[in-house]
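Enquirer: To start, I am sharing the structure in question, which I have written as structure tokens.
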Amino acid sequence: MDQTIPEVIRTVPLQYYVFFATALFAIGVTGVLIRRNAIIIFMCVELMLNAVNILLTAFSAYRADANGQVFVFFIMAVAAAEVSVGLGIIVMIYRNFQTTDVNLLSRLKF
Amino acid sequence: MSPLFLFLSFLALLSALGVVIAKNPVHSVLFLILTFFALSGHYLILNAQFLAAVNIIVYAGAIMVLFLFVIMFLNLNADTEPKKPILAQIAAVIAGGSLLLVLVAALRNVEPVGYNAATFDSQIGMVDRLGLVLYDQYLLPFELASILFLAAMVGAVMLGKRETGERNF
Chain A
1 MDQTIPEVIR
11 TVPLQYYVFF
21 ATALFAIGVT
31 GVLIRRNAII
41 IFMCVELMLN
51 AVNILLTAFS
61 AYRADANGQV
71 FVFFIMAVAA
81 AEVSVGLGII
91 VMIYRNFQTT
101 DVNLLSRLKF
Chain B
1001 MSPLFLFLSF
1011 LALLSALGVV
1021 IAKNPVHSVL
1031 FLILTFFALS
1041 GHYLILNAQF
1051 LAAVNIIVYA
1061 GAIMVLFLFV
1071 IMFLNLNADT
1081 EPKKPILAQI
1091 AAVIAGGSLL
1101 LVLVAALRNV
1111 EPVGYNAATF
1121 DSQIGMVDRL
1131 GLVLYDQYLL
1141 PFELASILFL
1151 AAMVGAVMLG
1161 KRETGERNF
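From first to last, the protein sequence lines are chains A and B. For the first sequence, the numbering used here begins at 1 and goes up steadily by one. For the second sequence, the numbering used here begins at 1001 and goes up steadily by one.
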């Protein structure tokens, strides 16, 4: 069995993956704050989920522990279920309001 | 420093910015697909072949097609795109930048323990090894995930169903 350590794991410190995932997560948060289209907001949530996925995978690969990658697999499964229901809700909102602007739904605040 | 790591990281971050900035929702979806491909490249260079394949199939394949389908179904484009006032946008960027700043400042001096050459195993990301872990240690969560999918399917059908007397398109 091939047990050579991949080049990335040898040359890139694990800290860089932490920073990369942090930047991706911050972009996702900014996207949620900056946009008003419900679908784009939803996509930015996916971006944040993926930032977590890459961090879990990096730690799992560096520490040679398969549990992290199994966890990422479950996150992907839950994300797929979440997207199907979420898009169903967005289509229903569009059917009632003819728009996907989240500001029209602000009456739920009160 | 691996050039591949740098390239894939910048590709992922720039296309993630594209998702947020693009005016046309269809362009946002295409940028997001590019992000997912870059992340799959990351999984590949980390020797997590199974996750790379699942990421392409589930995210870039199924989820993004669903997004694209809904956007085209609702006929969203740059003209119908709701915009926040410029002041709110600046405030949002400042808030997101502050979050990044705080997180980086907090994690700056953290030095996570890297790989251990003695116990390193490059094969853990392969399908057969992950399958053994998944169907052995994680059998119950795996079965619960199928119940979650069933609930999600029923929920999506319920939400998509047209109710009597409801205003339609």
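Think of the CB as a built atom: it goes at the ideal place given N, C-alpha and C, for glycine as much as any other residue. As the structure is a computational prediction, the values presented were derived from the model and not from experiment.
Taking 8 Å as the CB-CB cut-off, is valine 45 of chain A touching chain B?
Expert: As a working mapping, residue 45 of chain A is identified with position 45 in the first sequence. No, no contact with chain B.
Enquirer: Cβ of alanine 66 of chain A versus every heavy atom of the ligand FMN: is any distance shorter than 7 Å?
Expert: No copy of the ligand FMN occurs in the structure displayed, which carries no ligand at all.
Enquirer: Check the Cβ-Cβ distances between valine 1110 of chain B and every residue of chain A, and say whether any is below 8 Å.
Expert: Sequence index remark: in the second sequence, residue 1110 of chain B carries index 110 (1-based). Answer yes: the Cβ-Cβ gap between valine 1110 of chain B and chain A drops below 8 Å somewhere.
Enquirer: With three or more C-beta pairs closer than 8 Å as the rule, is the region 1100-1109 of chain B touching the region 37-49 of chain A?
Expert: No, because fewer than three Cβ pairs between the region 37-49 of chain A and the region 1100-1109 of chain B fall closer than 8 Å, the two stretches do not touch.
Enquirer: Could you give the residue range of the alpha helix (DSSP H) that holds glutamine 1089 of chain B?
Expert: Looking up residue 1089 of chain B in the second sequence gives position 89. It spans 1086-1107 - the alpha helix (DSSP H) in which glutamine 1089 of chain B sits, taken as one unbroken run.
Enquirer: Would serine 84 of chain A pass as an interface residue toward chain B - the criterion being a Cβ-Cβ separation below 8 Å?
Expert: Within the first sequence, the letter at position 84 stands for residue 84 of chain A. It does: the Cβ of serine 84 of chain A has a partner Cβ on chain B nearer than 8 Å.
Enquirer: From the DSSP secondary-structure annotation, give me the bridge partner or partners of asparagine 37 of chain A.
Expert: Indexing the first sequence from 1 puts residue 37 of chain A at position 37. Its beta-bridge partners are A:Asp101.
Enquirer: Is the Cβ of proline 1085 of chain B closer than 8 Å to any Cβ of chain A?
Expert: In the second sequence, the residue the question calls residue 1085 of chain B occupies position 85. Closer than 8 Å: no.
Enquirer: Relative to the C-alpha of leucine 1032 of chain B, which candidate in B:Tyr1043, B:Val1020, B:Gly1041, B:Lys1083 has its C-alpha closest?
Expert: The residue given as residue 1032 of chain B occupies position 32 in the second sequence. Among B:Tyr1043, B:Val1020, B:Gly1041, B:Lys1083, the Cα nearest to that of leucine 1032 of chain B is on B:Val1020.
Enquirer: Name the residues in the region 66-85 of chain A whose C-beta lies less than 8 Å from a C-beta of chain B; which are they?
Expert: If the cut-off is 8 Å between Cβ atoms, the region 66-85 of chain A has Ala66, Asn67, Gln69, Val70, Val72, Phe73, Phe74, Met76, Ala77, Val78, Ala79, Ala80, Ala81, Glu82, Val83, Ser84, Val85 near chain B.
Enquirer: Distance cutoff 8 Å, beta carbons only. Does phenylalanine 1149 of chain B sit that close to anything in chain A?
Expert: As a first step, residue 1149 of chain B is located in the second sequence; it is residue number 149 there, counting from the start. It does; some Cβ of chain A falls within 8 Å.
Enquirer: Go through the region 23-85 of chain A residue by residue and report every complete run of the alpha helix (DSSP H) that reaches 4 residues or more, in order.
Expert: Taking only runs of at least 4 residues, the alpha helix (DSSP H) segments lying wholly in the region 23-85 of chain A are 38-63.
Enquirer: Could you confirm whether any beta carbon from chain A is found closer than 8 Å to the beta carbon of aspartate 1136 of chain B?
Expert: Within the second sequence, the letter at position 136 stands for residue 1136 of chain B. No, aspartate 1136 of chain B lies away from the interface with chain A (no Cβ there is under 8 Å from its Cβ).
Enquirer: If you draw a straight line from the C-alpha of isoleucine 1124 of chain B to the C-alpha of aspartate 65 of chain A, how long is it?
Expert: As a position in the second sequence, residue 1124 of chain B is number 124, starting the count at 1. As a position in the first sequence, residue 65 of chain A is number 65, starting the count at 1. Isoleucine 1124 of chain B and aspartate 65 of chain A: Cα-Cα distance of roughly 7 Å.
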